[in-house]
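Notes follow once the structure below has been shown.
In our numbering, the protein residues as written are 3 to 189.
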């Protein structure tokens, strides 16, 4: 993609793989407006526009890197927002979206948050043993239950399924790690 700025030509290379996820490569150019544009494009590629969390592909890529680079101990906390279908049916999809955004904001207070498809998220906690991950998961659950949201004059609270898993060394790949956390239900 050729760009002309201040009578200088620059090339941006955009690649897109067949799984509908893209990446961006910039070669040695750092100008405020140009760099802001590039960051905006990267955000659109990497972040979920609704929740502002990282999209599934990017999150899995980062998780694989963490596992393969030996950043241990590593823990993962898995979150599934309960009753999404009922919420969407009763109040409409905008209400369900609002609850997803509220959950994402809560989780982002703890660390970088990755969104799987639908109402599922996870946190990756580096240098965190299983007991600490358990404590964090319980704290997030308590915090999620403290807030009441009103949807069409009806009180609603976030209800979560939470699971967690930890590794002291590489024993699982990224997808197995997420699945292990999902199956190791805390709440």
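Glycine residues also receive a C-beta, built at the ideal position from the N, C-alpha and C atoms.
Sequence-distant Cβ neighbours of residue 168 in its own chain, meaning closer than 8 Å and more than five residues away, are 75, 76, 77, 78, 130, 131, 132 and 135.
In the three-state DSSP reduction, residue 126 falls in the strand class (E or B).
When only Cα atoms are considered, residue 57 and residue 116 end up about 6 Å apart. In this model, residue 177 and residue 61 are separated by some 11 Å (Cα to Cα). For residue 115, the enclosing beta strand (DSSP E) begins and ends at 115 to 117. The stretch 33 to 94 contains, as complete beta strand (DSSP E) runs of 3+ residues, the segments 76 to 83 (chain order). Residue pairing of residue 169 in beta bridges, as defined by DSSP: 76.
Separation of residue 175 and residue 70 (C-alpha to C-alpha, rounded to the nearest whole angstrom) is 9 Å.
Between residue 162 and residue 87, the gap from beta carbon to beta carbon reaches 8 Å or more. Residue 124 sits close to residue 81, with the two beta carbons spaced by under 8 Å. According to the DSSP secondary-structure assignment, residue 11 is paired through a beta bridge with 6.
Remark: C-beta atoms of residue 141 and residue 164 do not approach each other more closely than 8 Å. Annotation for residue 159: 146, 147, 149, 150 and 151 place their beta carbon closer than 8 Å to its own, counting only its chain and skipping 5 residues before and after.
When beta bridges are read from the DSSP output, residue 106 appears opposite no residue. For residue 166, the CB contacts under 8 Å within the same chain, skipping 5 residues up- and downstream, are 77, 78, 79, 80, 132, 135, 136, 139, 183, 186 and 188 in chain order.
Just so you know, the alpha carbons of residue 121 and residue 102 end up roughly 7 Å apart. Under the three-state reduction of DSSP, residue 143 is assigned to helix. At the C-beta level, residue 68 and residue 126 come within 8 Å of one another. The DSSP-derived three-state label of residue 112 is coil.
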